[in-house]
Each structure stands twice: as C-alpha cells, then as structure tokens.
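Peer 1: Protein chains in written order, with my numbering: chain A, 1 to 154; chain B, 1 to 154.
Protein chains: 2
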Amino acid sequence: MIKRSILSLTSAAVLATGMHGVAHANDPADVVEYRQAVFQVTKNNFGPIADMLKGDIEYDQEAIKKMASVVEMMSTLVEGQFPEGTGPLETETNALMDIWDEPEAFGERIAEFEQTAVTLVEAANSGDKRQLAAAVKDVGASCKACHDDFRRDD
Amino acid sequence: MIKRSILSLTSAAVLATGMHGVAHANDPADVVEYRQAVFQVTKNNFGPIADMLKGDIEYDQEAIKKMASVVEMMSTLVEGQFPEGTGPLETETNALMDIWDEPEAFGERIAEFEQTAVTLVEAANSGDKRQLAAAVKDVGASCKACHDDFRRDD
Chain A
1 MIKRSILSLT
11 SAAVLATGMH
21 GVAHANDPAD
31 VVEYRQAVFQ
41 VTKNNFGPIA
51 DMLKGDIEYD
61 QEAIKKMASV
71 VEMMSTLVEG
81 QFPEGTGPLE
91 TETNALMDIW
101 DEPEAFGERI
111 AEFEQTAVTL
121 VEAANSGDKR
131 QLAAAVKDVG
141 ASCKACHDDF
151 RRDD
Chain B
1 MIKRSILSLT
11 SAAVLATGMH
21 GVAHANDPAD
31 VVEYRQAVFQ
41 VTKNNFGPIA
51 DMLKGDIEYD
61 QEAIKKMASV
71 VEMMSTLVEG
81 QFPEGTGPLE
91 TETNALMDIW
101 DEPEAFGERI
111 AEFEQTAVTL
121 VEAANSGDKR
131 QLAAAVKDVG
141 ASCKACHDDF
151 RRDD
C-alpha cells in the first residue's frame, strides 16, 4: 500500500502555480526535453533493478543501491516540471491535458513516485531481496498508474 | 587546478572493456539515449547555478545545493556509458571516435568531471559565493574541455 501524505497537496499546489524553482526553463520544448531526460534516467536505473531480481542480468547489490538512489533523486525532480504552457496544446509532448485539468490527482501521483522511490532506496540498502521485490513492485505500480492516466501511449 | 587521480586509470580501463555494470543496455541507440539524458539532466541543473551567480535568476541557496547534488550524481553515471560499438560509425551520436582512440585521455576527462562535481557540492553546501563561483568555473571548464576534444559540434 502506498501512503498518501501532505506531500500530495504540496505537489498539487506547486503544479498549479508552476513556481518550483529548480531547473526551470522558459521554452516549453526545453521543459519537455528536461522532464523526458529525468524519466529516461529513471527508466535506465529502475529497469536493471527489476531485471536483476528476475535473474535476467547478474545480481549486483552495490549497483542496485546506486541505481535506487538515482531513481530516488530523479523522483524529486519531477515536481514543478509540468507548468502551465507545457501541455499537448502548446508543445510536442506525451503529457495529457488531464495533468492540468486534474492537478491534485496528478500531484498525488508524483508524491506516490517520490514515496515509493524512498522505499526503494531503503529496500535496496537492506539487501533483502523480498523487500526489494515489494518496493520494485510499488514503484512500478506508481509509474504505471501515472502513465495510464496522464501520458499518451507511444 | 584539477587534481588527477587513480580514478582516471579506472575510467580508462572501464571504458576500454565496457564492463561497467550499471544501467547498461545492449542496443547502441539505447546507450546513446541514456547518456544524452544524463547530460541533459546535468545541463538543466548546472546551468541555473551559473545563472543564479550571474544574477540572471533569483539566487536560491537551497535550490543550488539540490542542483549541485544532482550534477554530482549525474557525473557518476557517465563512466561506462561509452562502450565499444556506440560511436559514430555504429550509431547516431555526437561522440567522436577520439573517445575510443584515446580512452585514457577520455577517462581523465570523466574523472575530472566527477572531481569538479564533488567540489561543486562542497562549495554549494558552504554557502560561500566566491567558492561556488570557482567551483562552477571548474565544472564548466571540465565540460568544455571534454566537448572540445570528444564531441562533435551541433
């Protein structure tokens, strides 16, 4: 289960105002490029953890800890990267308008990503494969839930 | 001045063998996509620090600390992302063949990036603007030196 917290509201508020200060850019295409890069780095570090658990690639505890920490850091960079003016009406993006129509729901998804990523780091550091598998499942569910609702299929 | 260390040799060795375990992918295009995303995230977090120092955007000490830590983490992801088979002869990339022709020199550049990024974090955490400006200059010089020698101009 994913715990919802006050973070959700914060995210929604930040999204609504687009006031988050870090790494902002003015050109919508630049904003999209940046957030896509954040998700790309996330994917390349999350995917191998799941692959290692499945035995598709060699299990490497140190690499898992590192990749989990990268995923966690990336999760903190999502907030504020969907300001007004960076939707499908304004620029080329797979982001759906629902992000701006339902900012609170979207903010909750971001908060879930952040929270599950923290749990992933804890699980990675624990060295407990069962705990790690549960955390990977939660992060994956968080990715999927947000993609299902707020991202256009490729 | 940038101190060179044993890290340089490690990087060169890793580059030569392409054995680095984290976030590897088999398709050259995937490798390129990932390393470009790493540099994109680097740019979007390094640029605003310089902009804040110049006064182009509002100075935000907490944001600077965060962005510096992102740059530092990204710097650790570069090593191993230029394996054999991901050069301009094999795929679409701005990476120059010199990377594979001079792996030791390229490895030193990566090590410089890692080292200057650590110094950037220290400077960001110190809150000393003069120290930060010096660290930003060193990171920027590291970026430029590597781009000059190993990256095709856009």
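No residue lacks a Cβ here, since even glycine has one placed at the ideal position from N, Cα and C.
These numbers come from a predicted model, not from an experiment.
#1: Tell me the DSSP secondary structure of residue 151 (chain A) in three-state form.
#2: Report buried or exposed for residue 144 (chain B), applying the criterion of at least 16 other Cβ atoms within 10 angstroms of its Cβ.
#3: What's the call for residue 35 (chain A), buried or exposed, on a 16-neighbour Cβ count within 10 Å?
#4: Can you tell me where the alpha helix (DSSP H) holding residue 29 (chain A) begins and where it ends?
#5: Report the residues of the stretch 32–43 of chain B with a CB closer than 7 Å to any CB of chain A, ordered along the chain.
#6: Rounding to the nearest angstrom, what Cα-Cα distance links residue 141 (chain B) and residue 61 (chain A) in this structure?
#7: Does residue 21 (chain B) come within less than 8 Å of chain A when only Cβ atoms are used?
#8: Tell me, please, which residues DSSP counts as bridged to residue 95 (chain B).
#9: In chain A, what lies closer than 9 Å to residue 118 (chain B) by C-beta?
#10: Please list, in chain order, the residues of the stretch 70–90 of chain B that have any C-beta partner in chain A closer than 9 Å.
#11: Can you check the stretch 50–133 of chain A for any alpha helix (DSSP H) of at least 4 residues that lies completely inside it and give the ranges in chain order?
#12: Using CA atoms only, rank isn't needed, just tell me which of A:71, A:72 and A:88 is closest to residue 31 (chain A).
#13: Look at the alpha carbon of residue 123 (chain A) and the alpha carbon of residue 122 (chain B), and state the distance between them as a whole number of angstroms.
#14: Could you give the distance in angstroms between the alpha-carbon of residue 119 (chain B) and the alpha-carbon of residue 48 (chain A)?
#15: Nearest-angstrom Cα distance between residue 95 (chain B) and residue 152 (chain B)?
#16: Do you know offhand how far residue 4 (chain A)'s Cα is from residue 68 (chain B)'s?
Peer 2: By the coordinates alone:
#1: As a position in the first sequence, residue 151 (chain A) is number 151, starting the count at 1. Here residue 151 (chain A) sits in strand by DSSP.
#2: Mapped onto the second sequence, residue 144 (chain B) falls at position 144. Under this definition residue 144 (chain B) is an exposed residue.
#3: Position 35 of the first sequence, counting from 1, holds the residue named residue 35 (chain A). By the 10 Å Cβ count, residue 35 (chain A) comes out buried.
#4: Within the first sequence, numbered from 1, the residue matching residue 29 (chain A) stands at position 29. Run containing residue 29 (chain A): 28–54, per the alpha helix (DSSP H) assignment.
#5: Residues passing the 7 Å Cβ filter: 33, 34, 37, 38, 40 and 41.
#6: As a first step, residue 141 (chain B) is located in the second sequence; it is residue number 141 there, counting from the start. As a first step, residue 61 (chain A) is located in the first sequence; it is residue number 61 there, counting from the start. Going by the C-alpha atoms only, they are around 34 Å apart.
#7: Here residue 21 (chain B) is taken as the residue at index 21 of the second sequence, counted from 1. Confidence is the limiting factor: at residue 21 (chain B) the pLDDT is only 43, short of 50, which leaves the residue's position unreliable, though a coordinate-based value still follows. Cβ-Cβ to chain A under 8 Å: yes for residue 21 (chain B).
#8: Position 95 of the second sequence, counting from 1, holds the residue named residue 95 (chain B). Within the DSSP secondary-structure output, residue 95 (chain B) pairs in a beta bridge with B:151.
#9: Position 118 of the second sequence, counted from the start, is the residue given in the question as residue 118 (chain B). Result: empty, since nearest Cβ-Cβ is about 16 Å, beyond 9 Å.
#10: Under the 9 Å Cβ criterion, the stretch 70–90 of chain B contributes 70, 73, 74, 76 and 77.
#11: List check, alpha helix (DSSP H) in window: 61–75, 98–101 and 103–126.
#12: The sequence position of residue 31 (chain A) within the first sequence is 31, counting from 1. Taking residue 31 (chain A) as reference, the option from A:71, A:72 and A:88 with the minimal CA-CA separation is A:88.
#13: Position 123 of the first sequence, counted from the start, is the residue given in the question as residue 123 (chain A). Position 122 of the second sequence, counted from the start, is the residue given in the question as residue 122 (chain B). The alpha-carbon atoms of residue 123 (chain A) and residue 122 (chain B) are separated by roughly 28 Å.
#14: In the second sequence, residue 119 (chain B) corresponds to position 119, counting from 1. In the first sequence, residue 48 (chain A) corresponds to position 48, counting from 1. Going by the C-alpha atoms only, they are around 30 Å apart.
#15: Start at 1 with the first residue of the second sequence, and residue 95 (chain B) comes out as number 95. Start at 1 with the first residue of the second sequence, and residue 152 (chain B) comes out as number 152. Looking at the backbone, the Cα of residue 95 (chain B) and that of residue 152 (chain B) are separated by about 6 Å.
#16: Here residue 4 (chain A) refers to the residue found at position 4 of the first sequence. Here residue 68 (chain B) refers to the residue found at position 68 of the second sequence. Note that residue 4 (chain A) scores 41 on pLDDT, short of 50, meaning its location in the model is unreliable and no value can be drawn from it.
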